[in-house]
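Residue numbers (full-length UniProt numbering), protein chains in the order written: chain A, 1 to 277; chain B, 1 to 246. The beta-carbon is built from N, C-alpha and C at its ideal position, and this holds for glycine as well. Fair warning: this is a prediction, and the values are worked out from it, not measured in the lab. First up is the structure itself, then whatever we jot down about it.
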Amino acid sequence: MFRNQYDTDVTTWSPTGRLFQVEYAMEAVKQGSAAIGLRSRSHVVLACVNKAQSELSSHQRKIFKVDDHIGVAIAGLTADGRVLSRYMRSESINHSFTYESPLPVGRLVVHLADKAQVCTQRSWKRPYGVGLLVGGLDESGAHLYYNCPSGNYFEYQAFAIGSRSQAAKTYLERRFESFQESSREDLIKDAIMAIRETLQGETLKSSLCTVSVLGVDEPFHFLDQESIQKVIDTFEKVPEEEEDAGEGEAEPEAATGAAGTGEQGGSGDQDVAPMEI
Amino acid sequence: MTTLTVPIDNGDSVKIAEEESQRTLYPYVTGTSIVAIKYKDGVLMASDMGGSYGSTLRYKNIERVKAIGKHSLLGASGEISDFQEILRYLDELTLNDNMWDDGNSLGPKEIHNYLTRVMYNRRNKFNPLWNTLVLGGVKNGKSYLGMVSMIGVSFEDDHVATGFGNHLARPILRDEWHADLSFEDGVKLLEKCMRVLLYRDRSAINKLQIAKITEEGVTVSQPYSLKTFWEFSSFHNPTAGAEGSW
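Structure (structure tokens):
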């Protein structure tokens, strides 16, 4: 789907009824590192992989607190993601100020989607190159939404976006039916296990992932490294020990101290632009 | 306020106020007190149906308490036309809220805060809506009762009163209100306050409505009048001992 005569402008339709610029923007989301969201009736967990440009740099922040009751995880052009997070914070705080009441997350994602749609219908704009997993609360409980660069939004029980997200999605598809009634702890564990799926063989350490939680009686906050490591320790076995873990699918991939499959995956993505994380 | 938009050098423009003949200076047709209390199942609000034109009791069929959305009741004293304007704002607000059709709805707390913002912003522009508003409601089993004045002072309480009610009804409510009043006791308490207001407030008329809001919804009673007794001994010769004063 590269190089054709209908993909220069976002306002040009192709003869088959496609807007290629919008589709290319959705490609940018796939290049970013993985972000995962899951929800139960009362809680939402957002988790992401910490990918750094090089060994010298720190990793970019991909999960943002929008309000006590809303958080967002992004994948794609982080600069676009930051701008949209700021917009979401602004909308949320304006609503709180006028009505002294939290903005229902379902209404926030509609505002966000409408904002994204505008960029698909102006010749002087480009679509946002970032996918957003928005988790939050409203009167009916906890919700998880995915906002696309196309201006579409969908509600999910669990979802994963970014590179190698298919592995996480496969894991989530097997288990999502139990999420609605899941306890908070199980939800967190499932999120971390889904993150592990995207790492494809590399040992899961708490430094490699960021996990955040919010719930009906729990404001949005990040889990600290210790708590994450504790959850990892319950299912990730030390390489020497070879037995089945509680979950069954947690078979240790051999003694992967120094991974034979190469490092984190940065070398494999030659055409990832430096600005995309 | 009519403004003139004048372009300036850098491509922006500034607004200059032309005349200020459209600012609110004083009220014309006014309603008198509102008295409201929380009770066991929700909130009760009482008002009379009078609209005074200065010292003339000009209009006698004005409804000063209205239902807002599913969960709230708004009562107003002060300028009637400003109250109607506020009802239009709230109409638009509740309409947009309903159009979301997403299971979320604006409760009494949200409407009270919205009104506080409106009143305070108008006051800052020296163009107030000349009302004292009482907002009561019930949502998810919790009762709410609050007040906003024309200068944007806003608070919540278990019982509120506006206008003359501040001076005449509040003391009665402070003594006799308690939590979990039954409906009958609540109405009796409000009628007691309204009767005192009827005797002593010259802009009160003997035609009142009591509105009730519970989890189920709003009911506004038919207008009725209170029995009055004018043969109290102190009414007979009111100026005894104070000749020449009112």
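For residue 219/A, the uninterrupted beta strand (DSSP E) run begins and ends at 218-222, by DSSP. Proximity of residue 110/B to chain A, defined by a Cβ-Cβ separation below 9 Å, is satisfied. By the Cβ neighbour-count rule, residue 151/B is exposed, with fewer than 16 other Cβ atoms within 10 Å of its own. Judged by their CB atoms, residue 120/A and residue 29/A are not nearer to each other than the 9 Å cut-off. Runs of the alpha helix (DSSP H) lying entirely within the region 163-214 of chain A, each at least 4 residues long, are 165-175, 184-199 in chain order. Contact between the region 107-115 of chain A and the region 84-94 of chain A is present, with at least three C-beta pairs closer than 8 Å. Taken through DSSP and simplified to helix, strand or coil, residue 209/B comes out as strand. Cβ neighbours of residue 215/B within its own chain (closer than 6 Å, five residues either side excluded): 138. Per the coordinates, the alpha-carbon of residue 124/B lies some 55 Å from the alpha-carbon of residue 55/A.
In this structure residue 139/A is in contact with residue 104/B, their Cβ atoms being roughly 5 Å apart against a cut-off of 8 Å. Closer than 9 Å to the CB of residue 107/A there is at least one CB belonging to chain B.
With the criterion set as a beta carbon lying under 9 Å from some beta carbon of chain A, the members of the region 87-110 of chain B are 100, 102, 103, 104, 105, 106, 107, 109, 110, in sequence order. The beta carbons of residue 34/B and residue 47/B sit about 5 Å from each other, so the pair counts as a contact at 8 Å. Here residue 23/A carries a helix assignment [DSSP, helix/strand/coil]. DSSP places residue 234/A within a helical segment (H, G or I) once states are collapsed to three. The beta carbons of residue 212/B and residue 223/B sit about 15 Å from each other, so the pair does not count as a contact at 8 Å. Rounded to the nearest whole angstrom, the C-alpha separation of residue 9/A and residue 123/A is 7 Å. Only buried fits residue 169/A, as 16 or more other CB atoms lie within 10 angstroms of its CB.
Look at residue 198/B here: in three-state DSSP terms it is helix. Residue 12/A and residue 200/A have their C-alpha atoms roughly 39 Å apart.
The beta-carbon separation of residue 32/B and residue 204/B, rounded to 5 Å, stays under the 8 Å limit for a contact. Annotation for residue 64/A: the continuous beta strand (DSSP E) segment containing it runs 63-67. At a cut-off of 9 Å, the C-beta of residue 138/A has a neighbouring C-beta in chain B. 98, 99, 100, 101, 104: these are the residues of the region 82-105 of chain A whose beta carbon lies less than 7 Å from some beta carbon of chain B, given in chain order. Cβ neighbours of residue 65/A within its own chain (closer than 6 Å, five residues either side excluded): 71, 220. Every unbroken stretch of the beta strand (DSSP E) spanning 3 or more residues and falling wholly within the region 111-175 of chain B is given here in chain order: 131-139, 142-148, 154-156, 159-161.
At a cut-off of 9 Å between C-beta atoms, residue 117/B counts as an interface residue with respect to chain A. Spanning the alpha carbons of residue 79/A and residue 129/A requires a straight line of approximately 9 Å. Cα atoms of residue 140/B and residue 241/B: separation of roughly 56 Å, rounded to the nearest angstrom. Per DSSP, the beta bridge partners of residue 14/B are 6/B. Taking every protein chain shown into account, the CB of residue 95/B has fewer than 16 other CB atoms within 10 angstroms, so this residue is exposed. The criterion of a C-beta distance shorter than 9 Å is not satisfied by residue 165/A and residue 63/A.
In this structure, DSSP gives residue 10/A a state outside helix and strand, which the three-state scheme calls coil.
At the C-beta level, residue 67/A and residue 40/A stay beyond 9 Å of one another. Between residue 98/A and residue 117/B, the C-beta spacing is below 9 Å.
Counting along the chain, residue 83/B sits inside no beta strand (DSSP E); it lies in the alpha helix (DSSP H) bounded by residues 80-100.
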